[in-house]
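For the protein sequence lines, the chains are C and R, in the order given.
Note that numbering that gives the first Met the number 0 has the first sequence beginning at 0, numbered continuously upward.
Note that numbering that gives the first Met the number 0 has the second sequence beginning at 0, numbered continuously upward.
Cβ coordinates follow ideal geometry from the N, Cα and C atoms, glycine included.
Quick caveat: nothing in here was measured; it's all calculated off a predicted structure.
Contents: one structure, followed by commentary.
Protein chains: 2
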Amino acid sequence: MAEQSETLDAVFQALADPTRRAILSRLGQGPASVGELAAPHDMALTSFMKHLKILERSGWIVSAKTGRVRTCAIVTDRFADVGAWVYGHRSLWEG
Amino acid sequence: MAEQSETLDAVFQALADPTRRAILSRLGQGPASVGELAAPHDMALTSFMKHLKILERSGWIVSAKTGRVRTCAIVTDRFADVGAWVYGHRSLWEG
DNA sequence: GGATTGCTCAGCCATATGGCTTAGTATGGT
DNA sequence: ACCATACTAAGCCATATGGCTGAGCAATCC
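And the structure:
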């Protein structure tokens with residue numbers, strides 16, 4: 000945690016799209032290639048790639064290329080960032 | 000909770016800006032007028048109002064006008080929405 | 001009544017987002 | 001060698017975002 004405002008902007012921005020939240024849910028079950036991730040989404044691959052770039056830029060995922068396949072994996076730290084922000088306002092929804 | 004994708008988009012989108020997160024933190028301490036909320040932010044009032052509109056549209060705040068003063072208050076349900084999303088992926092950051 | 005306060009409305013501007021297409025590169029299979 | 005696969009790169013388009021200015025309007029104060 001201990002994230003700066005700028006980073007938190009990107010972390011939340013990344014979550015503000017259903018495609019990207021779906022990608023994260025999928026990656027929660029384990030790493031996957033770009034093609035595997037894209038398959039369920041009715042969208043041009045280049046459009047889909049932009050979402051992956053946003054997720055990677057914001058630190059939600061990491062990826063590495065092996066041969067011609069790029070494999071993506073989720074970075075769980077970001078959940079802690081979001082959780083920390085919510086927890087920081089716990090007095091509002093507890094008492 | 001039990002939010003739809005479209006709503007969740009707006010909930011997260013609203014958090015993707017430091018001004019808006021600051022507003023929510025301030026409102027966490029109790030209701031405030033538009034002027035009180037705007038004071039700490041070095042920004043034209045009309046620009047600031049757009050942030051309030053986004054927060055209201057996304058369900059993070061409610062507001063009502065009495066005389067010429069509009070008073071804003073936070074809606075704590077939204078914290079539950081965010082918390083529910085994070086909690087839905089708890090297996091990733093617990094084990 | 002007139003001035004001040006506290007918003008509110010309309011619209012301009014630069015940049016970002018989220019989709020698309022078309023074309024290109026590099027790897028792996030036969 | 002050739003072809004298919006899996007991305008990748010470049011750029012177009014419509015709309016949204018986040019800032020601004022200038023003008024207005026209703027409520028309160030003196």
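Classify R69 (chain R) as helix, strand or coil using the three-state DSSP reduction.
The answer is strand: DSSP assigns R69 (chain R) an E or B state.
Report yes or no: is there a C-beta of chain C within less than 8 Å of the C-beta of H50 (chain R)?
Closer than 8 Å: no.
Consider the Cβ of F47 (chain R): report whether some Cβ of chain C lies at a distance smaller than 8 Å.
Not a single CB atom of chain C sits nearer than 8 Å to the CB of F47 (chain R).
Rounding to the nearest angstrom, what Cα-Cα distance links A79 (chain C) and F47 (chain R) in this structure?
A79 (chain C) and F47 (chain R) have their C-alpha atoms roughly 29 Å apart.
Only counting runs of 4 or more residues, tell me where the alpha helix (DSSP H) segments fall wholly within the stretch 37-70 of chain R, in order along the chain.
Runs of the alpha helix (DSSP H) lying entirely within the stretch 37-70 of chain R and spanning at least 4 residues, in chain order: 44-56.
For V74 (chain C) and V10 (chain C), I'd like the C-alpha separation in whole angstroms.
Using only the alpha carbons, I get a separation of about 11 Å.
What in chain C is Cβ-close to I73 (chain R), meaning under 8 Å?
By Cβ distance, chain C contributes L91.
By the 10 Å Cβ neighbour count, where 16 or more other Cβ atoms means buried, how is L54 (chain C) classified, buried or exposed?
By the Cβ neighbour-count rule, L54 (chain C) is buried, with 16 or more other Cβ atoms within 10 Å of its own.
Hey, L26 (chain R) and A63 (chain R): beta-carbon distance below 8 Å or not?
Contact: no.
Using three-state DSSP, classify A99 (chain C) as helix, strand or coil.
Because chain C here runs from 0 to 94, residue 99 (chain C) falls outside it and cannot be looked at.
Classify T75 (chain R) as helix, strand or coil using the three-state DSSP reduction.
The three-state reading of DSSP puts T75 (chain R) in coil, since its state is none of H, G, I, E or B.
Mapping the DSSP letters down to three states, classify Q12 (chain C) as helix, strand or coil.
Helix.
What three-state label does DSSP hand G82 (chain C) in the structure shown?
Helix, per DSSP.
Looking only at its chain, what residues have a beta carbon closer than 7 Å to the beta carbon of S32 (chain C), apart from the 5 residues adjacent to it on each side?
Taken in chain order, the residues that qualify are V68, R69, T70.
Euclidean distance between Cα positions of V81 (chain R) and R20 (chain C):
The straight-line gap from Cα to Cα measures roughly 12 Å.
Can you say whether T45 (chain C) is buried or exposed, counting buried as having 16 or more other CB atoms within 10 angstroms of its CB?
Under a 10 Å Cβ-count criterion, T45 (chain C) is classified as exposed, with fewer than 16 other Cβ atoms of the shown protein chains found around its own Cβ.
To the nearest angstrom, how far is the alpha carbon of M0 (chain R) from that of R89 (chain R)?
Residue placement at M0 (chain R) is flagged as unreliable, the pLDDT there being 49, under the threshold of 50; the coordinate-derived value follows with that caveat. One Cα belongs to M0 (chain R), the other to R89 (chain R), and the distance between them is close to 16 Å.
Is the distance from the Cβ of A15 (chain C) to the Cβ of Q3 (chain R) below 8 Å?
No; because the gap between Cβ atoms is not below 8 Å, this pair is not in contact.
Under 7 Å (Cβ pairs) to chain R, residues found in the stretch 74-88 of chain C
Listed by position along the chain: T75, F78, A79, V81, G82, V85, H88.
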